[in-house]
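To keep things clear, I will list the structure first and then write my remarks on it.
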Amino acid sequence: MSSTLISYSESLHRAKQFLLSKDDWSEFLPSPLDESWRKVDLSGVNWLRIAELIRTGFGPKTESTIEGDYSITSDILDRLPEILGNEIEGELPKPEHARSTTESFFRRDIFSLLNLGFSEPLTITAKQSDQRLTIRHNTDTELSLPSLVLRVPAEADVTVAEFYNGCQPNEAQLTSSANRISCGHTVIIVEPGARLKYVQFRNNRAGDLHFHHTRFVVDRDSYVEAGFIQNGGLNGKSFFQSSVVGRGGEFYGRGLFAGRENQVFQNEMGVQHLGNNTNSRLLYKTVMDDHSHSVFLGSLEIPFGVSKVDSYQLNQNLILAQKARAESRPWLVIRAEDVSCEHGATVGDLDEDALFFLQSRGLPEDEARKLLIQGFLEEVLGEMALTDEEKESFRQTLSRIHSNA
C-alpha cells in the first residue's frame, strides 16, 4: 500500500467535483460536537443561495493586486504535498483510504471545501527586498473566495502584508444590505533559513459573515513573525495556525479584534511543533463592547519524540460593557517530554486606578478611556508589519468606534 499523500492540486479538483455532485450540503456543515465550531452560529448563512451561485456557474472570482517583488510560481501547488502533510487541519488520508468514502478525504468544514473547490489560488514566490510585498483582495462581493499560496524561499528575508478589503477600514462598522460571505484561505511555506514578517488585515462590513484559514509551514532555522487584525464583520471564525516542521524553527503569532454591537468572532490560533529545538509564542488581544462576544481557542500539539520545545500562549481580553463577553480555552495535546509549555488568559475591565490617574492630570474621562484602550492594543498593533499610516488609520477607527466606551 502506497504511503503517498493526496496532493494539494488533487484536493482542489476533488473538492469541486464533490460539492457539485451533492444536492444536500447539510451533512458537511460543522457538527455541534466539533469543539472548533460548536460556538459558531451559522443560522445566517444562506446555503441555498451559495449553492445557486456555484451551480449556475457564478464562479466566485476575487480580484487581487500585488505590489512589490515577486514571481508567479505555477508549479507550487504540485510541490506542496511533501511540505504540507496536514493541509487545512488534519493529515490528508492515503488515496487508498479516500477512494471508498470521498467525504472522509475532507475535514467536515464546508467553508474550506468551497474555497478549495471554487477559488483560483494566487500562487507566488516572494523575492528578497527591502520593500514590503503587499497583496490586496477585493472581497466586496456577495460571495468571495480569496486564496493565496505564498512561498518564502530559503535564506530570504521578506515582509508581507495581505489585505482583505470587503470595505474601506473606516466603513467596517457599516451594516451591508445582505449577509455577504467571505471564505479566505492562505498557505505560507517558509523554507529553511528564511525570515518572514507577515500581517493579515481583514476589513468587513458589520453584516458580513467571514471564515478564514491561514496555515504556515515553518522549516528548519526559519523565523516567522505573523499577525492578523479582524476589523468589522457580524459573525466569523478564523484559523491561524502554524506547523513548525524543521529543527530550530521559530513562530511568533499575534492577533487583534475589537468587537462592538452584536459581533461574534471565534479565533483559533495554534502551533504544531514537529521539530526539535523549536520555539513559539502566541499573543491574542480583544476589546469587547456592547453585546459583542469573543471566543479564543489556543491549541498546541507536540507529538511523542520531539524535544527542546519552548512554547507560550497568552490571551488578554478587555471588557468595556456589562453584556460583552470573552471566552478563552486552551487546547493542548502534549505527548513529549523535555518541553516547556505555558498558557494564560485574562478577562478584565479598564484599570480604574490608571483611569483616575489620567483624569487627575487633567485628561477628560472619554480621552483617558481611549488612551487606555489604545495602550492595551499597542503591544500587538505596534509590532504589526503595517506602515505608520495604516496603524494610525486603525487607531482612528477604534477611537471612533469606542467614542462612547
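If you read the sequence shown in my numbering, its first letter stands for residue 8, the second for the next number, and so on.
Virtual Cβ for every residue (Gly too), placed ideally from N, Cα, C.
In this text, all values refer to a predicted model and were calculated from it rather than measured experimentally.
The continuous alpha helix (DSSP H) containing residue 58 extends over residues 54–62. For residue 225, there is no enclosing alpha helix (DSSP H); the enclosing beta strand (DSSP E) covers residues 216–225. Residue 393 and residue 168 have their C-alpha atoms roughly 7 Å apart. C-alpha of residue 63 to C-alpha of residue 56: approximately 11 Å in a straight line.
Under DSSP, residue 265 forms a beta bridge with 294. For residue 232, same chain residues with a beta-carbon under 6 Å away, outside a window of 5 residues either side, are 204, 259 in chain order.
Residues of the same chain with a CB within less than 6 Å of the CB of residue 144, apart from the 5 flanking positions on each side, are 69, 71, 153, 171 in chain order. Here residue 161 has 198, 199, 200, 201 as same chain residues with Cβ atoms under 7 Å from its own Cβ, once five neighbours each way along the sequence are excluded. Here residue 139 is near residue 75, since their CB atoms are less than 8 Å apart.
Contact between residue 383 and residue 325 holds: CB atoms are separated by about 5 Å, below the 8 Å threshold.
Note: residue 20 is not bridge-paired with any residue in the DSSP secondary-structure output. Bounds of the alpha helix (DSSP H) holding residue 373 are 372–388.
In this structure residue 131 touches residue 78 by the C-beta definition: roughly 7 Å separates them, less than 8 Å.
In the structure shown, the three-state DSSP call for residue 405 is helix. Counting along the chain, no alpha helix (DSSP H) covers residue 186, and no H or E run does either.
For residue 129, the uninterrupted beta strand (DSSP E) segment begins and ends at 129–133.
For residue 299, the secondary structure class from DSSP, reduced to helix, strand or coil, is coil. By the neighbour-count criterion, in which a residue is buried when 16 or more other Cβ atoms sit within 10 angstroms of its Cβ, residue 273 is buried.
Looking at the DSSP output, residue 289 shares a beta bridge with 260, 320. Comparing alpha-carbon positions, the option among 371, 286, 269 lying closest to residue 295 turns out to be 269. In its chain, beyond the 5 residues on either side, 169, 235 have a beta carbon closer than 6 Å to the beta carbon of residue 207. Taking C-alpha positions only, residue 35 is separated from residue 311 by approximately 32 Å. A Cβ-Cβ contact shorter than 8 Å links residue 159 with residue 195. Just measuring C-alpha positions, the residue of 247, 32, 389 sitting nearest residue 59 is 32. Contact between residue 230 and residue 257 holds, since their C-beta atoms are separated by about 5 Å, short of 8 Å. Here DSSP, grouped into helix, strand and coil, assigns residue 364 to helix. Residue 378 and residue 354 have their C-alpha atoms roughly 19 Å apart. The Cβ atoms of residue 241 and residue 263 lie no closer than 8 Å to each other. The DSSP-derived three-state label of residue 71 is strand.
In this structure residue 373 is exposed. Its beta-carbon is surrounded by fewer than 16 other beta-carbon atoms within 10 angstroms. Assignment of residue 122 by DSSP, reduced to helix, strand and coil, places it in the helix class.
Looking at 213, 43, 51, 84, the one whose alpha-carbon comes closest to that of residue 299 is 213. In the three-state reduction of the DSSP assignment, residue 164 falls in the strand class. Residue 125 sits away from residue 29, with the two beta carbons spaced by 8 Å or more. By the neighbour-count criterion, in which a residue is buried when 16 or more other Cβ atoms sit within 10 angstroms of its Cβ, residue 403 is exposed. In terms of Cα proximity to residue 317, the closest of 265, 46, 251, 163 is 251.
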